[in-house]
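Student: Encoded as structure tokens, here's the structure I'll be asking about.
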Amino acid sequence: MSTATAAHGAAVEPAESPLTPESWGKLGMWIFLAGDAVGFGTLLAGYGAMRATSADWPNPGERLGITLTAFMTFLLICSSVTMVKALEWLSRGDKARAKMFLAFTALGGTIFVSMQAYEWTHLIHRGLHINGNPWGAALFGTSFFLVTGFHGLHVTAGVIYLLATIGVVSRRPDPMASYNFVEITGLYWHFVDLVWIMVFTFMYLL
Amino acid sequence: MAEHKHPNYMAIFWYLAVLTAAEIFIVLPQFRPENKLIVGTLLCIFAIWKAALVAMYFMHLKLETRTLALIALTPLTIATLLVFVLLPDGFAVAKKTSDEKKVAAPAAAQH
């Protein structure tokens with residue numbers, strides 16, 4: 001009986017496998033994101049430990065300013081919405097609108113990185129450097145540039161990824177043929193948004 | 207494959223916008239509670255709440271199989287454990303600082 005079941009099981013296995021060709025890519029992206037999340041989690045936990053053990057940690061809200069970053073947070077949430085809208089248009093078979101919303105998302109990301117560059121320049125002029133600052137613990141600047149820089153790198157990569165996705169949507173005649181690809185791009189983009197939510201709370205507000 | 211269910215994305219967007227506004231409201235100097243623990247706890251709750259909304263609705267975790275959610279929860283578990291591993295060091299420094307103050311205080315009083 002056992003051999004019969006095994007043989008039968010082997011025969012139907014492909015159909016019963018929870019992994020379809022579409023979900024392989026999705027699973028791959030999720031595993032990559034889980035690894036990336038451990039990276040960000042370690043950075044933030046390390047940041048917390050450095051701050052907790054420091055006697056003269058500057059007040060981030062006072063030194064970094066939250067007005068600009070609050071707007072950047074809002075912008076990133078908006079770009080997540082344009083990303084899901086792109087997917088929604090694609091599922092309705094409207095390739096042109098899907099591409100337009102993907103372009104909006106990439107634009108949102110570009111503005112975000114530009115504003116971050118502006119913020120960094122501004123803070124460097126005020127004396128915040130990677131190896132010290134006028135207000136207290138030197139690690140304040142180190143951790144700030146490391147964490148926001150690592151996130152900014154992710155946004156930059158995301159913009160390139162989005163532009164490549166627009167290319168893929170353009171090349172495939174059937175809108176549904178690129179649905180899975182766009183959904184996986186979306187996973188990455190929303191993850192970058194999710195990480196910023198954490199970074200904004202822990203590095204600026206707290 | 208043809209029919210894809212989509213959550214109400216605009217509702218999630220407003221939900222996230224309101225939570226962000228609430229976070230900023232808490233840290234405004236005129237409203238910021240004196241107790242640092244309260245501020246910290248509230249901000250952590252809001253951040254995790256927002257992250258969960260993004261993961262569940264924008265990243266479709268709510269519509270996916272449970273295995274994917276377990277993969278997503280792994281890094282959160284590891285990061286939380288890491289905080290607890292690093293926490294004792296923070297307590298040790300806090301205790302050392304307060305002990306030094308206790309020693310310094312009577313000395314200062316004699317002068």
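Chains A and B are the protein sequences, given in the same order. Residue 118 in our numbering sits at position 118 of the first sequence, with consecutive numbering throughout. One rule links them: number in our numbering = place in the second sequence (from 1) + 206. Backbone N, C-alpha and C fix where the C-beta goes; we use that ideal spot for every residue, glycine too.
1) If you run the structure through DSSP and keep just helix, strand and coil, what is Gly93/A?
2) Taking only beta-carbon positions, decide if Ala37/A is within less than 9 angstroms of chain B.
3) At the 9 angstroms Cβ level, is Val42/A part of the contact set with chain B, yes or no?
4) Check the Cβ-Cβ distances between Leu288/B and every residue of chain A, and say whether any is below 9 angstroms.
5) Where does Ala227/B land, buried or exposed, given buried means 16+ other C-beta within 10 angstroms?
6) So, at 8 angstroms on beta carbons, what are the nonlocal neighbours of Gly136/A in its own chain, with the 5 sequence-adjacent residues on each side left out?
7) With a CB to CB cut of under 6 angstroms and the five nearest residues on each side skipped, what residues in its chain are close to Phe202/A?
8) Would Ile244/B count as contacting chain A if we go by Cβ distances under 9 angstroms?
9) On a Cα-Cα basis, can you pick out the residue from Pro175/A, Ile124/A and Asp36/A that is closest to Ala285/B?
10) When DSSP labels each residue in this structure, what does His129/A get in the three-state scheme?
11) If you compare alpha carbons, which of Gly41/A, Asn180/A, His125/A and Ile197/A is closest to Glu88/A?
12) List, in order along the chain, the chain A residues whose C-beta lies closer than 7 angstroms to that of His229/B?
13) Under the assumption that Ala86/A contacts Phe101/A (Cβ atoms under 8 angstroms), give the Cβ distance between them as a whole number of angstroms.
14) Classify Ser91/A: buried if its beta carbon has 16 or more other beta carbons within 10 angstroms, exposed otherwise.
15) How would you write the range of the alpha helix (DSSP H) that Arg171/A sits in, first residue to last?
16) Cβ atoms of Leu248/B and Ile232/B: under 9 angstroms apart, would you say?
17) Leaving aside the five residues before and after Tyr161/A along the sequence, list all residues of the same chain whose C-beta is less than 7 angstroms from its C-beta, in chain order.
18) How would you write the range of the alpha helix (DSSP H) that Trp135/A sits in, first residue to last?
19) Specify the secondary structure class of Met198/A as computed by DSSP and reduced to three states.
20) If I follow the unbroken alpha helix (DSSP H) through Val233/B, where does it start and stop?
21) Answer with buried or exposed for Gly108/A, where buried requires no fewer than 16 other C-beta atoms within 10 angstroms of its C-beta.
22) Am I right that Ala261/B and Ala278/B are in contact with their C-beta atoms under 8 angstroms? What's the rounded C-beta distance?
Tutor: The answer reads as follows:
1) coil
2) yes
3) First, the amino acid is wrong: residue 42/A is Thr here, not Val. With 9 angstroms as the cut-off, Thr42/A counts as an interface residue toward chain B.
4) yes
5) exposed
6) Ser54, Asp56, Trp57 and Pro58
7) Leu44
8) no
9) Asp36/A
10) strand
11) Asn180/A
12) The question names His, but residue 229/B is Glu in the sequence shown. Neighbours of Glu229/B on chain A, chain order: Thr201 and Leu205.
13) 4 angstroms
14) buried
15) Leu139 to Arg171
16) yes
17) Thr185 and Tyr188
18) Per DSSP, Trp135/A belongs to no alpha helix (DSSP H) and is neither H nor E.
19) helix
20) Tyr215 to Val233
21) buried
22) 6 angstroms
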